[in-house]
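Taking it in order: structure first as structure tokens, then the write-up.
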Amino acid sequence: MKISEILILNHLGTKKQVRKLIRNGQISSLKEIIREDREAIEQIFYLDRKLDMKPLKYYLINKPLGYLCSHKSKEKCLIDLLPDYHLHYVGRLDRATCGLMIMTNDKKLRKKLMLPEFKITRTYYFECLYELSDGDVNRLNYGVIIDKNVMTYPESLTLYTRKKGTLILREGKYHEIRKIFLSLNNQITYLKRIEYGDILLEDLKEGKYRELHKDEIKHLYDLVNH
619 MKISEILILN HLGTKKQVRK LIRNGQISSL KEIIREDREA IEQIFYLDRK LDMKPLKYYL
679 INKPLGYLCS HKSKEKCLID LLPDYHLHYV GRLDRATCGL MIMTNDKKLR KKLMLPEFKI
739 TRTYYFECLY ELSDGDVNRL NYGVIIDKNV MTYPESLTLY TRKKGTLILR EGKYHEIRKI
799 FLSLNNQITY LKRIEYGDIL LEDLKEGKYR ELHKDEIKHL YDLVNH
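As numbered in our numbering, residues 619 to 844 make up the sequence shown, in order.
Below is the structure:
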């Protein structure tokens, strides 16, 4: 990673601003004043401030119901539960959906993860208002029309009862699961994301977060580099 990228991720300014800091001799290592942008191979400082040399952060948080995936709102925002306000949401969960959210300041990875071409699986636990009929199950397995003319294809359906189960999606359309059940003349009463790719929410308590493990970060990169 270049020195300028580390400076940006340490919130020292835009690319233009941090390059000016370098030219002005305000960035140093333990050995010398740094006056040109290059690969960062040792600890660097801004004036007397020791900078974070591993500034890319990756978090998993268990989103509670009622929180918005936003940075600016008069209502409760999920970002307020995280330690860094400069993190970004990988996708969105609506106010009435809880569960697994991934947050990162790795903008390049985030952008790729949100592209539909990679067809990343997202697993949801659901509860619905009415029992699912055999016909409903058949439609869920072979495709459901939403938004009047858009065909959506759930990856997999597992039923625990006729009103509870898990649904795996690869498309991530807006309110997709809720619209699927409305097309079945049914209604979602509870929705929780429990898995993203192979990353599991497991027993992380509601409103709590943790940093992703190295193998989980590698998994995210693998999802978009195949």
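Just so it is clear, CB atoms sit at the ideal spot from N, CA and C, and this is done for glycine as well.
Alpha-carbon to alpha-carbon, residue j and residue i
i, j, result
"HIS837", "ASP816", "8 Å"
"ILE812", "LEU674", "24 Å"
"MET721", "LYS832", "15 Å"
"LYS694", "ARG653", "44 Å"
"LEU700", "LYS681", "11 Å"
"MET619", "ASP698", "29 Å"
"LEU683", "LYS823", "13 Å"
"ILE786", "LYS649", "53 Å"
"GLY825", "HIS689", "16 Å"
"MET671", "ILE662", "8 Å"
"ILE640", "LEU627", "15 Å"
"ASP712", "LEU830", "23 Å"
"ASN756", "LEU747", "18 Å"
"LEU625", "TYR685", "31 Å"
Selection from the options that minimises the alpha carbon distance to residue i
i, options, result
"GLY790", "TYR742, LYS823 and LEU700", "TYR742"
"GLN702", "ASP840, VAL842, TYR827 and ASN843", "First, the residue type needs correcting, since residue 702 is Asp and not Gln in the sequence shown. Out of ASP840, VAL842, TYR827 and ASN843, TYR827 has the C-alpha closest to the C-alpha of ASP702."
"LEU678", "GLU820, ASN628 and ASN843", "GLU820"
"PHE771", "GLY631, LYS797 and GLN661", "As written in the sequence, residue 771 is Tyr, which differs from the Phe given in the question. It is LYS797."
"TYR676", "LEU686, HIS704, SER688 and GLN661", "HIS704"
"TYR839", "LEU777, LEU731, GLY761 and THR784", "LEU731"
"GLU834", "SER646, LYS823 and LEU818", "LEU818"
"ASN843", "TYR778, LEU727 and MET719", "LEU727"
"LYS737", "LEU665, LEU841, LEU630 and GLN644", "LEU841"
"LYS668", "GLU735, TYR808, ASP655 and ILE645", "ILE645"
"ASP655", "ASP666, GLY643 and LEU665", "GLY643"
"ARG780", "ILE651, ASP752, ARG757 and LEU625", "ASP752"
"SER774", "LYS766, ILE795 and ASP765", "ILE795"
Element boundaries [beta strand (DSSP E), containing residue i]
i, result
"GLY717", "716-722"
"LYS782", "782-787"
"ILE763", "762-764"
"LEU750", "Taken as a continuous stretch (DSSP letters only), LEU750 belongs to no beta strand (DSSP E), as it is neither H nor E."
"LEU775", "774-779"
"THR632", "From DSSP, THR632 is part of no beta strand (DSSP E); its letter is neither H nor E."
Endpoints, alpha helix (DSSP H) assigned at residue i
i, result
"GLU735", "Counting along the chain, GLU735 falls outside any alpha helix (DSSP H), and DSSP gives it neither H nor E."
inquiry  = Check whether the region 799-813 and the region 728-745 touch, using three or more Cβ-Cβ pairs below 8 Å as the test.
reply    = yes
query = Which ranges does the beta strand (DSSP E) cover as unbroken runs of at least 3 residues, wholly within the region 789-833, from first to last along the chain?
reply = 806-814 and 827-829
ask   = Are three or more beta carbon pairs between the region 792-807 and the region 760-778 nearer than 8 Å?
value = yes
task = For the region 647-713, list the beta strand (DSSP E) runs that are entirely contained and at least 3 residues long, ordered along the chain.
result = 662-664 and 676-681
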